[in-house]
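Remarks on the structure that follows.
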């Protein structure tokens with residue numbers, strides 16, 4: 001082989017790959033189209049982008065969501081079947097293999113689901129009562145890496161009755177951790193499962209938001225609680241614990257956050273009502289840097305209309321990206337990290 005050509009292959013291909021990755025990061029899929037994040041304009045393409053911000057950025061797990069039927073991992077398709085089963089199908093040979101099912105006769109307590117870990121496919125079986133959640137992780141050969149149980153209900157006695165009272169729901173996940181949280185005021189509890197080691201961490205408190213690490217956006221560094229009675233936001237971050245007064249925070253119930261250079265950016269919202277707060281909090285100075293009220297009038301629901309309000313928060317360079325889904329529209333709003341001012345928005 002020509003030495004000059006070989007040299008170019010050896011040193012130019014990594015540069016080309018890096019340039020392609022950088023270009024992909026600047027393309028944000030939105031409502032069946034694309035937005036160019038550097039130029040803040042629609043990006044026209046005849047083809048569906050195989051790589052984009054949602055597949056290549058460190059925030060990609062935020063967009064993965066859960067699957068209630070099937071998920072692919074390293075050439076294998078993992079599919080939920082009846083009777084709490086999981087079927088693995090080789091996408092090349094189409095050979096199908098039912099995986100070991102210990103819960104075939106167990107009663108269903110809710111929706112089973114699948115998600116992707118860094119090195120495997122994870123199945124969460126929502127069983128009834130004392131059976132709790134059963135969580136299994138499989139590798140690409142269909143081998144069980146670990147299996148464990150997470151209780152989700154208490155046994156309650158009332159008069160002559162005895163029944164199970166559920167309290168623990170799925171809350172969030174990354175490629176490394178799966179998080180459950182109690183939704184009952186009377187039962188303060190949260191559980192974090194390490195998806196690499198299969199280890200559980202349990203806490204005797206509940207929360208409204210999580211702080212993920214800045215480097216990989218996959219490991220929990222802190223928790224947040226909305227203290228409605230005091231109009232405060234309680235922040236537990238590493239070894240710190242402090243509360244900040246936030247006007248109108250009692251209107252909201254949920255949070256999405258991200259961390260940049262020890263500044264916590266948070267969008268605080270209610271899934272069943274319009275509007276949201278965008279906050280920037282210095283974790284080193286323990287102070288609120290700025291706030292923006294996000295409340296488009298067009299979001300207000302009609303009388304009798306079912307309403308939902310979902311958000312995805314991420315960042316690109318010096319921009320905060322807020323994707324929102326409500327009954328009447330999809331919205332991508334782009335704000336300056338510096339002060340929260342809106343730079344551009346796209347509505348579908």
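Residue numbers (full-length UniProt numbering): 1 to 348.
Every residue gets a Cβ at the ideal spot worked out from N, C-alpha and C, and that includes glycine.
- Between residue 275 and residue 103, the alpha-carbon positions lie close to 43 Å from each other.
- With at least 16 other beta carbons inside 10 angstroms of its own, residue 323 counts as buried.
- CA-CA distance, residue 278 to residue 36, rounds to 23 Å.
- By the CB criterion at 9 Å, residue 310 and residue 271 fall inside the cutoff.
- For residue 60, the uninterrupted alpha helix (DSSP H) segment begins and ends at 60-64.
- Taking C-beta atoms as the reference points, residue 70 and residue 114 count as a pair closer than 9 Å.
- Rounded to whole angstroms, residue 106 and residue 156 show a C-alpha spacing of 21 Å.
- An exposed status is given to residue 97, since fewer than 16 other beta-carbon atoms sit within 10 Å of its beta-carbon.
- For residue 217, the number of other beta carbons within 10 angstroms of its own is at least 16, and it is reported as buried.
- Inter-segment contact for the stretch 139-148 and the stretch 176-188 is absent: fewer than three beta-carbon pairs are separated by less than 8 Å.
- DSSP places residue 205 in no alpha helix (DSSP H); its state is neither H nor E.
- Ranked by Cα distance from residue 223, the options 145, 213, 235 are led by 235.
- Your pair residue 189 and residue 206 checks out as a contact, with CB atoms roughly 6 Å apart and the cut at 8 Å.
- The stretch 79-96 and the stretch 334-342 do not touch, with fewer than three beta-carbon pairs separated by less than 8 Å.
- In this structure, residue 193 sits away from residue 221, with a CB-CB distance that is not shorter than 9 Å.
- For the set 242, 266, 261, the Cα lying nearest the Cα of residue 294 is the one of 266.
- In the DSSP assignment, residue 287 falls within the beta strand (DSSP E) that extends over 287-294.
- With fewer than 16 neighbouring CB atoms inside 10 Å of its own CB, residue 290 falls in the exposed class.
- Residue 229 carries a helical assignment under DSSP once its states are collapsed to helix, strand and coil.
- Here residue 306 has 327 as same chain residues with Cβ atoms under 8 Å from its own Cβ, once five neighbours each way along the sequence are excluded.
- Contact between residue 128 and residue 109 holds, since their C-beta atoms are separated by about 4 Å, short of 8 Å.
- The beta carbon of residue 30 sits closer than 8 Å to those of 323, 330, 332, 346, 348, all from its chain and outside the five residues before and after it, given in chain order.
- It is roughly 11 Å from the alpha-carbon of residue 158 to the alpha-carbon of residue 164.
- Residue pairing of residue 173 in beta bridges, as defined by DSSP: 178.
- Shown here for residue 209: same chain residues with a beta carbon closer than 6 Å to its own, the five before and five after excluded, namely 224, 255, 257 in chain order.
- Look at residue 336 here: in three-state DSSP terms it is strand.
- Here residue 204 has 188, 189 as same chain residues with Cβ atoms under 8 Å from its own Cβ, once five neighbours each way along the sequence are excluded.
- In the three-state DSSP reduction, residue 81 falls in the strand class (E or B).
- Residue 254 carries a strand assignment under DSSP once its states are collapsed to helix, strand and coil.
- Looking at 229, 219, 337, 281, the one whose alpha-carbon comes closest to that of residue 62 is 219.
- Measuring C-alpha to C-alpha distances from residue 177 to each of 191, 166, 169, 168 identifies 191 as the nearest.
- A direct Cα-Cα distance of roughly 46 Å separates residue 281 from residue 162.
- Sequence-distant Cβ neighbours of residue 59 in its own chain, meaning closer than 6 Å and more than five residues away, are 217, 314.
- Looking at the DSSP output, residue 320 sits in a beta bridge with 315, 335.
- By the neighbour-count definition (other C-beta atoms within 10 Å, threshold 16), residue 131 is a buried residue.
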